[in-house]
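*Asks:*
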Amino acid sequence: MTYSEFYRRSIADPSAFWAEEAKRIDWHTPFTQVLDDSKPPFARWFVGGTTNLCHNAVDRWLPTQADKPALIFVSTETDEERILTIADLHREIQRMAAVMQTLGVVRGDRVLIYMPMVPEAVIAMLACARIGAIHSVVFGGFASMSLGSRIEDATPRLIISADGGSRAGKVVPYKPLLDEAIRLSAHKPSAVLMINRGLTPFSSEPGRDHDYTALRASHLDAQVPVVWLASTDTSYILYTSGTTGRPKGVQRDVGGYAVALASSMKHIYCGNPGETYFSTSDIGWVVGHSYIVYGPLIGGMATLMYEGTPVRPDAGILWQLVERFKVTVMFSAPTAIRVLKKHDAQWLSRYDLSSLRSLFLAGEPLDEPTSSWISEGLGKPIIDNYWQTETGWPILTVAHGIDKTPTRLGSPGLPMYGFDVRLLDENTGQALGPNEKGVIAIAQPLPPGCMQTVWGDDDRFVKTYFSSIPGQQVYSTFDWGVRDSDGYYFILGRTDDVINVAGHRLGTREIEESINSHPAVAECAVVGVADPLKGQVAIGFAVLRDPTAAASSADRLALEGAVLAVVNQQLGAIARPARVYFVNLLPKTRSGKVLRRSIQAVCEGRDPGVLTTIEDASALTALREALVG
Ligand code: AMP
């Protein structure tokens, strides 16, 4: 079958198509209805069916692969290596699940996981899935305010954390940030479970904080059966940034997610049971959820979990791991490759990479020089993936499990089966033809695996995603794109104020709110500016309450440092702007809207165009002057 036939079937008859794909996982009770789309835009997949993500990821493989590696952990930060077989993982998950139950966690409770890349994080996610608790993993690079707002929104009964992580040899304490986050949140968890790695001392709150090693020791023989969940139950919440300061909890189901991942492992990633999958992402991101934890394990593969950077101890470390663990499928981000590109290309050919079939790259635009450099260096196909936290798996790529659709430089590829991708005019909602720029949208129903709703806020789900295109209720990706005459899509950046720094999605609004919380700042604007390494970096422009506070260059430097420290402390280093400049006024329309696109154009040395609506054109001149110092 050609890919276009396969794709057409998925769009013409989603129920028949997905009923077939659903056979890739184990069901405890068969579903009675493939798709319930009676309340658009909500789509409920595999209604009536019961299943379990942990069963499909682990228990299902016990009879055939008990002694095969399931979770391979390598840390070049702490020089640790651990290999857990399916049987080991099964045991550890039950120990963790039993500990969670002792701490009062029951089905439907939220468990927030704020952890570095260690096996216990994966074990905790799978233990939640096993007993029907809803996990919410928060990226370890977020600081207390970001974490606090997520605690408040998810209202977890339990938080699982660690003493610290390590980044490029530097220990990053987690516990003080967690304590501060809990202090800031109106909701308080009843328990905190600490994984003590022995990296950094921390203080404990008696009655609330518990030590995992001690509790695990009393549950070594725990047998915790899988709880069969409705396919449409919630498996997890994962927060992502949007245009408001308030992060959105992307809520995912159980059955649809399991089917989508199992299907993608076969058709997109071409991974087989017994092989090894290596994703360099972090469990705090959607790629980590789908392709460090659930996807590979559901597909019967071992997953390689790596704590470390791509260049320590040397720029060959990723390929050394590919050789050692015979990785067949690898997943990374363009930023990681651009980091490697600064090092000798010989690192790419030093190891035996014969096991590796393809390298998938996702999360941000893949520029052609980076793609060609890595493809030539490795001698392997590079496959771009375009998707979002909301969709859980690729919207655009090529499915080499179906046919060998050629890739095209600069394009992530074609719409994936199940995604009825449209290119629409943002003002009229009209469908656009080849080579016309429009908003990338997805017609209903969203396929299995995509978000069910915004956690606790159905209204926000409908308003945010399905109400921005005039005249029709379609899902907006908030990305600009064009399609060539062969149907390949090209991504042209966001339509909203979301920026992408090193593959990490950040809302400029959140950063602005943090900068505004500095007492010297009256107002500010943050924009994403093109950067050769990170894709984009955040740049801030702040108007001070008292402009004389930044009169001299020494004052400006000190104040910039202080403002950046606030962002660092509240949101974390990943959200810290590269620079904050002080200006007397911001370019605004007469109605008071900050002209972010014009600011961005000036920062990138582009012409901001003729701005008929600008209130005071001298603001742009002031901006240029601030940039040159
Ligand atoms: P996230 O939800 O953090 O995965 O971010 C999703 C956003 O990242 C998308 O809406 C795009 O703006 C961008 N993005 C993800 N993958 C790609 C890609 N392959 N090419 C271009 N942009 C991408």
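Everything in the sequence shown is counted per our numbering, starting at 814 for the first residue and increasing by one. Cβ coordinates follow ideal geometry from the N, Cα and C atoms, glycine included. All figures in this text were calculated on a predicted structure; none of them were measured in a lab.
Taking DSSP as the reference, what is the three-state secondary structure of M930?
*Replies:* Three-state result, M930: coil.
*Asks:* Under the assumption that I838 contacts C867 (Cβ atoms under 8 Å), give the Cβ distance between them as a whole number of angstroms.
*Replies:* Their Cβ separation, rounded to whole angstroms, is 12 Å, which puts I838 and C867 out of contact at 8 Å.
*Asks:* From the DSSP secondary-structure annotation, give me the bridge partner or partners of F1354.
*Replies:* Beta-bridge pairing links F1354 to A1338, Y1394.
*Asks:* Do you know offhand how far G1069's Cα is from P1109's?
*Replies:* Each residue's Cα considered, the two are about 16 Å apart.
*Asks:* Quick check on F1274: does DSSP put it in helix, strand or coil?
*Replies:* Helix.
*Asks:* Which of helix, strand or coil does DSSP assign to G1306?
*Replies:* Three-state DSSP puts G1306 in a strand.
*Asks:* Run through DSSP, which three-state label would P1182 get?
*Replies:* Helix, per DSSP.
*Asks:* Could you tell me the distance, in whole angstroms, from the CA atom of T898 to the CA atom of V935?
*Replies:* Between T898 and V935, the C-alpha separation is close to 14 Å.
*Asks:* Assuming T1148 is part of the beta strand (DSSP E), what are its boundary residues?
*Replies:* No beta strand (DSSP E) holds T1148; the alpha helix (DSSP H) holding it covers 1147-1153.
*Asks:* Whole-angstrom Cβ separation of L1259 and A856, contact assumed at under 8 Å?
*Replies:* So it is a contact: roughly 5 Å between Cβ atoms.
*Asks:* How is the beta strand (DSSP E) around L971 delimited, first residue to last?
*Replies:* Segment 971-975, the beta strand (DSSP E) holding L971.
*Asks:* By the three-class DSSP mapping on this structure, what secondary structure does K1079 have?
*Replies:* K1079: helix per DSSP, three-state reduction.
*Asks:* Can you tell me whether Q1064 is buried or exposed? The criterion is at least 16 other CB atoms within 10 Å of its CB, across all chains shown.
*Replies:* It is buried - the Cβ of Q1064 has at least 16 other Cβ atoms within 10 Å.
*Asks:* Would you say the beta carbon of F1291 is closer than 7 Å to some non-hydrogen atom of the ligand AMP?
*Replies:* Yes, the Cβ of F1291 comes within 7 Å of a heavy atom of the ligand AMP.
*Asks:* Check for me: the alpha helix (DSSP H) holding W1132 runs from which residue to which?
*Replies:* Start and end: 1130-1137.
*Asks:* Using CA coordinates, which residue listed in E1323, K1250, G1284 is at the minimum distance from G1306?
*Replies:* Looking at the Cα atoms, K1250 is the closest of the given residues.
*Asks:* Please name the residue, chosen from D1233, T1183, R1358, that lies closest to R821 on a Cα-to-Cα basis.
*Replies:* It is D1233.
*Asks:* With M909 as the anchor, note down where its alpha helix (DSSP H) starts and where it stops.
*Replies:* Unbroken alpha helix (DSSP H) run through M909: 899-915.
*Asks:* R1010 and A981 - do their beta-carbons sit closer together than 8 Å?
*Replies:* Going by C-beta atoms, A981 is not nearer than 8 Å to R1010.
*Asks:* With a CB to CB cut of under 8 Å and the five nearest residues on each side skipped, what residues in its chain are close to V1106?
*Replies:* Cβ neighbours of V1106 beyond the five flanking positions: A870, V935, M938, L939, I1096, T1116.
*Asks:* Would the beta-carbon of G953 fall within 8 Å of that of M928?
*Replies:* Contact: yes.
*Asks:* Using a Cβ-Cβ cutoff of less than 8 Å, which residues in the same chain neighbour D880 once the five nearest sequence positions on both sides are dropped?
*Replies:* So the list reads T898, I899, A900, once near-sequence residues are dropped.
*Asks:* Starting from D966, trace the beta strand (DSSP E) both ways and give me its first and last residue.
*Replies:* D966 -> not in any beta strand (DSSP E); alpha helix (DSSP H) instead, spanning 957-967.
*Asks:* Answer with yes or no whether the minimum CB distance from A940 to chain D is below 8 Å.
*Replies:* Chain labels in this structure do not include chain D; a single protein chain is all it has.
*Asks:* From S1044 to L971, what distance separates their C-alpha atoms?
*Replies:* Distance between the alpha carbons of S1044 and L971: 24 Å.
*Asks:* Return the first residue and the last residue of the beta strand (DSSP E) that P882 is part of.
*Replies:* Taken as a continuous stretch (DSSP letters only), the beta strand (DSSP E) holding P882 covers 882-888.
*Asks:* Start and end of the alpha helix (DSSP H) containing E993?
*Replies:* That run of the alpha helix (DSSP H) goes 988-997.
*Asks:* Cβ atoms of L1436 and F1303: under 8 Å apart, would you say?
*Replies:* No, the Cβ-Cβ distance between F1303 and L1436 is not below 8 Å.
*Asks:* Inspect the CB distances between the segment 1362-1375 and the segment 1393-1410 and report whether three or more fall short of 8 Å.
*Replies:* Short answer: they touch.
*Asks:* Do P1225 and D1197 come within 8 Å of each other at the CB atom, strictly closer than that value?
*Replies:* The answer is yes: Cβ separation under 8 Å.
*Asks:* Distance, Cα to Cα, A1391 vs E1177?
*Replies:* Near 18 Å, if we compare the C-alpha coordinates of E1177 and A1391.
*Asks:* Taking the C-alpha atoms as reference points, what is the distance between L1131 and L1424?
*Replies:* Rounded to the nearest angstrom, the two C-alpha atoms are 48 Å apart.
*Asks:* Straight-line CA distance for P1261 to V1275?
*Replies:* Cα-Cα distance, rounded: 18 Å.
*Asks:* Please classify T877: does DSSP put it in a helix, a strand, or coil?
*Replies:* Reduced to three states, the DSSP call for T877 is helix.
*Asks:* According to DSSP, I1196 sits in a beta bridge with which residue or residues?
*Replies:* Answer by DSSP bridge pairing, in chain order: F1173.
*Asks:* In terms of residue numbering, what span does the alpha helix (DSSP H) encompassing N869 cover?
*Replies:* Unbroken alpha helix (DSSP H) run through N869: 866-870.
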